[in-house]
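Here the protein sequences line up with chains R and Y, keeping their order.
Going by the working numbering, the first residue of the first sequence is number -5, and it counts up by one from there.
Going by the working numbering, the first residue of the second sequence is number 21, and it counts up by one from there.
Every residue, glycine too, gets a C-beta built ideally from N, C-alpha and C.
These numbers come from a predicted model, not from an experiment.
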Amino acid sequence: MLVAGRIFALGMLIALWVFIIGCMEMAKKKLPSFRKLAGLDALPEMVGRAAEMNRPVHYTTGLGELTGTVAPQLVAGLAVLGYVSELAAKYGVKIVYSVYQAQVMPLATEIMREAYIRAGKPDAFNAEDQIRYLSGEQFAYATAVQGFAERERPAANIMIGPFYAESMMFSETFFRIGSIQLAGTARGYQIPFFAVICDYLLIGEEIYAAGAYLSKDPVQCGSIQGQDLGKLIAWILMFVGVLATVAGSSIINDLLKA
Amino acid sequence: MSLFVRRQLPIVLVFVAAVLVMADYFLKIPGTGPVVKDLQNWGIILTAFSLGFGAVNLFYLHTRHISRRTPGQWPFSTWLLLMIVVFTIVGVTMGPTGPQYSWLYNSSYFALSATVYSSLGFYMTTGCYRALRARNAEAALLLVVGAIALLRNAPAVAVGVPIIIPMEAWLSAIPTTSAQRGIMIGASLGAIALGVRTMIGRETGFLGRLTEAERRG
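Have a look at this one:
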């Protein structure tokens, strides 16, 4: 019935679900406290700056696909897109979303349209102009974003999702034209590039928490606490695993392979 | 469109699809394999279909640039649309795997793509210059580590100062790898939490949030 080699992983997944759903239920009674995420708190300032400078805001979710292993990063990026679009609508700023995968366009259109409706400015939204499909090829997409940056000189650049080699090209180009930048990715190799250049950075798990953090929904925020319990288990497993390995036992290794 | 179709139905579909795919990964249940394979094939078909949206968007945007003669943009827009038409005609008439299409692709996009990729070296150099400045203790540490890694990869220095080779190897294998793994574990847990929220319908950011009118029903 159970696939060999995936039993422990299934057990851990079920345990995590229990923690997360349990914490979400507890959060209905008492909202857990969080550390501040400077990058997300700075979003109103970034959009406000664009309003003062009368320049657009640029948003992109990188090379995200809805059907691959990076799909959660794309979903996390889309969750922030709705919030930023609402801010842009309220401040009367044009937001342009650069799309790499055409399959994201219907979702993005719905998210942005609803954000404009929430802001009370449905007529200000122009999907064809604000959601721009650039290319499904990495470097064609990268050069198109750079071209947009040079021509329209957005005051703010927000990049949340899976990024690859284009991360450095984007952050350097937008830095050169003076954009204030927020970047977030769970791809370890690109984090240092963003950290060096961007004004604000969301590292790894922070992008997944972004939607919950911005929603201010206690139940969603509770899931982040459940996630922290998962980290505690990972930490205990690592600590016991190191001790066991030093003592010559492979018990934790065998358990992980079960 | 009713609230059920716009909100609840997508969440139900997400839940069912996620449970099926996870069951196929963790459990040996007869019959789930072909269903999951079908789901994945649907994903591929929908992806291909959505390219139509992209093409319409490209044509809309760039024909507007051409008709308005947008300064600095319209010649590129013309070229882009021309190339889309040429690629489409060659692909449809001679096949996307034929020698004509391959020649067109390799001679234009492939060469340009390699050129853009190689320009990354210059971006990295300017980024490196900005990063490697000792403005505070952390930046100074980064400067030292960065200098060791750079010098290790310069053959003349590595030959002249061989101690730098094990130093760099230790930095790569121990502190860097541990930090990367820490980030990976945190990110994986974050993705699971996001998955749980999505499956039970609490994460609705990717569907847009409810308007006040919808909340009131």
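Have a look at the options and flag the residue whose alpha-carbon is nearest the alpha-carbon of residue i.
| i | options | result |
| --- | --- | --- |
| R/Thr167 | R/Ala32, R/Ala150 and R/Met106 | R/Ala150 |
| Y/Gly166 | R/Pro186, R/Val236 and R/Met18 | R/Pro186 |
| R/Tyr77 | R/Val64, R/Gly172, R/Tyr110 and R/Asn247 | R/Tyr110 |
| Y/Leu163 | Y/Cys148, Y/Ala176 and Y/Pro175 | Y/Cys148 |
| Y/Gly206 | R/Ile201, R/Arg170, R/Ser161 and R/Cys215 | R/Ile201 |
| Y/Ala151 | R/Gln95, R/Cys192, R/Leu72 and R/Arg112 | R/Cys192 |
| Y/Val136 | R/Ala118, R/Ala113 and R/Val139 | R/Val139 |
| Y/Leu132 | R/Ala136, R/Leu(-4), R/Thr103 and R/Asp117 | R/Ala136 |
| R/Leu227 | R/Ala9, R/Leu60 and R/Phe119 | Note that residue 227 of chain R is Ile in the sequence shown, not Leu. Closest by alpha carbon: R/Ala9. |
| R/Val98 | Y/Thr67, Y/Phe130 and Y/Leu33 | Y/Thr67 |
| R/Phe119 | R/Glu146, R/Val90 and R/Ser173 | R/Val90 |
| Y/Leu101 | Y/Ala213, Y/Tyr80, Y/Arg172 and Y/Met204 | Y/Tyr80 |
| Y/Arg84 | Y/Ser192, Y/Ser97, Y/Phe35 and Y/Leu209 | Y/Ser97 |
| Y/Ala211 | R/Leu31, R/Ile197 and R/Leu250 | R/Ile197 |
| Y/Thr145 | R/Met162, R/Glu108 and R/Ser173 | R/Met162 |
| Y/Ser198 | R/Arg145, R/Val240 and R/Gly182 | R/Gly182 |
| R/Glu146 | Y/Gln93, Y/Lys48, Y/Ala176 and Y/Ala37 | Y/Gln93 |
| R/His52 | R/Glu144, R/Lys30 and R/Gly62 | R/Glu144 |
| Y/Pro186 | Y/Tyr45, Y/Ile168 and Y/Tyr143 | Y/Ile168 |
| R/Tyr194 | R/Met153, R/Gly224 and R/Leu81 | R/Met153 |
| Y/Tyr45 | R/Met(-5), R/Ala241, R/Tyr94 and R/Ala177 | R/Met(-5) |
| R/Gln(-3) | Y/Leu47, Y/Ser22, Y/Thr117 and Y/Lys57 | Checking the sequence, you will find Val at residue -3 of chain R rather than Gln. Among Y/Leu47, Y/Ser22, Y/Thr117 and Y/Lys57, the Cα nearest to that of R/Val(-3) is on Y/Leu47. |
| Y/Ile104 | Y/Pro91, Y/Leu71 and Y/Ala134 | Y/Leu71 |
Is any heavy atom of the ligand GTP found at a distance shorter than 7 Å from the C-beta of residue i?
| i | result |
| --- | --- |
| Y/Leu81 | Absence of the ligand GTP is noted for the structure shown, with no ligands found whatsoever. |
If you run the structure through DSSP and keep just helix, strand and coil, what is residue i?
| i | result |
| --- | --- |
| Y/Val34 | helix |
| Y/Glu232 | With a pLDDT of 49 at Y/Glu232, under the threshold of 50, the modelled position of that residue is not reliable, and no figure is offered here. |
| R/Leu(-4) | strand |
| R/Ser92 | strand |
| Y/Leu47 | strand |
| Y/Val181 | coil |
| R/Met150 | According to the sequence provided, residue 150 of chain R is Ala. The question's Met does not apply to it. Reduced to three states, the DSSP call for R/Ala150 is strand. |
| R/Ile125 | strand |
| R/Met232 | helix |
| R/Thr61 | coil |
| R/Thr54 | strand |
| R/Glu311 | Outside the shown range of chain R (-5 to 252) lies residue 311 of chain R, about which nothing can therefore be said. |
| R/Val98 | helix |
| R/Pro26 | coil |
| Y/Thr224 | coil |
| R/Val87 | coil |
| R/Phe133 | helix |
| Y/Gly215 | helix |
| Y/Lys57 | helix |
| R/Phe142 | helix |
| R/Phe119 | coil |
| R/Asn48 | coil |
| Y/Ser128 | helix |
| Y/Ser139 | coil |
| R/Gly71 | helix |
For residue i, which residues in chain R fall below 8 Å Cβ to Cβ?
| i | result |
| --- | --- |
| Y/Gly53 | Going along chain R, no residue has its Cβ under 8 Å from Y/Gly53, so there is no contact; the nearest lies around 12 Å. |
| Y/Phe73 | Ala96, Met99, Pro100 and Tyr127 |
| Y/Arg155 | Simply none; closest approach about 12 Å. |
| Y/Tyr129 | Glu131 and Ala134 |
Quick one: list the residues of chain Y neighbouring residue i, beta-carbon separation under 7 Å, in chain order.
| i | result |
| --- | --- |
| R/Ile191 | Gly147 and Arg150 |
| R/Phe187 | Gly147 |
| R/Gln221 | Leu209, Gly210 and Ala213 |
| R/Met(-5) | Leu47 and Lys48 |
| R/Glu19 | Those within 7 Å of R/Glu19 in chain Y number zero; the least Cβ separation is about 11 Å. |
Give me the chain B residues within the contact set of residue i, using Cβ-Cβ distance strictly less than 9 Å, ordered along the chain.
| i | result |
| --- | --- |
| Y/Thr218 | No chain B is present in this structure, whose protein chains are R and Y. |
If the cut is a Cβ gap below 8 Å, which residues of chain Y does residue i touch?
| i | result |
| --- | --- |
| R/Gln97 | Leu66, Thr67 and Ser70 |
| R/Arg0 | Tyr45 and Phe46 |
I want to verify the contact list: residues of chain R whose CB lies under 7 Å from the CB of residue i, in sequence order.
| i | result |
| --- | --- |
| Y/Met204 | Gly182 |
| Y/Glu188 | Going along chain R, no residue has its Cβ under 7 Å from Y/Glu188, so there is no contact; the nearest lies around 16 Å. |
| Y/Val136 | Phe133, Ala136 and Thr137 |
| Y/Gln93 | Arg145 |
Please compile the residues from chain Y whose C-beta is within a distance smaller than 9 Å of the C-beta of residue i.
| i | result |
| --- | --- |
| R/Lys225 | Ile205, Gly206 and Leu209 |
| R/Thr61 | Gln60, Gly63, Ile64, Leu66 and Thr67 |
| R/Tyr110 | Those do not exist, as R/Tyr110 stays about 10 Å from chain Y at its closest Cβ, beyond 9 Å. |
| R/Leu213 | Going by the sequence as given, residue 213 of chain R is Val instead of Leu. Arg217 and Arg222, listed in chain order. |
For a contact meaning CB atoms closer than 9 Å, what does residue i contact in chain R?
| i | result |
| --- | --- |
| Y/Asn77 | Val93, Ala96, Met99, Ala121, Glu122, Ile125, Arg126 and Tyr127 |
- Query: Which whole runs of the beta strand (DSSP E) in the stretch 154 to 227 of chain R are 3 residues long or more, in chain order?
  - Reply: Counting whole runs of 3 or more residues, the stretch 154 to 227 of chain R contains the beta strand (DSSP E) stretches 174 to 179 and 194 to 197.
- Should the stretch 22 to 37 of chain R be called in touch with the stretch 112 to 124 of chain R, which here means at least 3 C-beta pairs below 8 Å? Because the criterion of three Cβ pairs below 8 Å is not met, the stretch 22 to 37 of chain R and the stretch 112 to 124 of chain R do not touch.
- Query: Do the stretch 207 to 221 of chain R and the stretch 4 to 21 of chain R touch if we need at least three Cβ pairs shorter than 8 Å?
  - Reply: In short, these stretches touch, since the Cβ pair count reaches three.
- Query: Would the stretch 186 to 200 of chain R and the stretch 154 to 167 of chain R be scored as touching if the rule is three or more Cβ pairs under 8 Å?
  - Reply: Yes, since at least three Cβ pairs between the stretch 186 to 200 of chain R and the stretch 154 to 167 of chain R fall closer than 8 Å, the two stretches touch.
- the stretch 33 to 49 of chain R touching the stretch 63 to 72 of chain R, judged by at least three CB pairs closer than 8 Å: Flag = no, the stretch 33 to 49 of chain R and the stretch 63 to 72 of chain R do not touch.
- Do three or more CB pairs link the stretch 230 to 243 of chain R to the stretch 62 to 69 of chain R at distances below 8 Å? No contact exists between the stretch 230 to 243 of chain R and the stretch 62 to 69 of chain R.
- Segments of 4+ residues assigned as alpha helix (DSSP H) that fall wholly inside the stretch 154 to 203 of chain Y: Along the length of the stretch 154 to 203 of chain Y, whole alpha helix (DSSP H) runs at least 4 residues long occupy 157 to 172, 175 to 180 and 184 to 191, reported in chain order.
- Task: Kindly provide the ranges of any alpha helix (DSSP H) runs that are 4 or more residues long and lie completely inside the stretch 61 to 120 of chain Y, ordered along the chain.
- Result: Counting only runs of 4 or more, we get 94 to 114.
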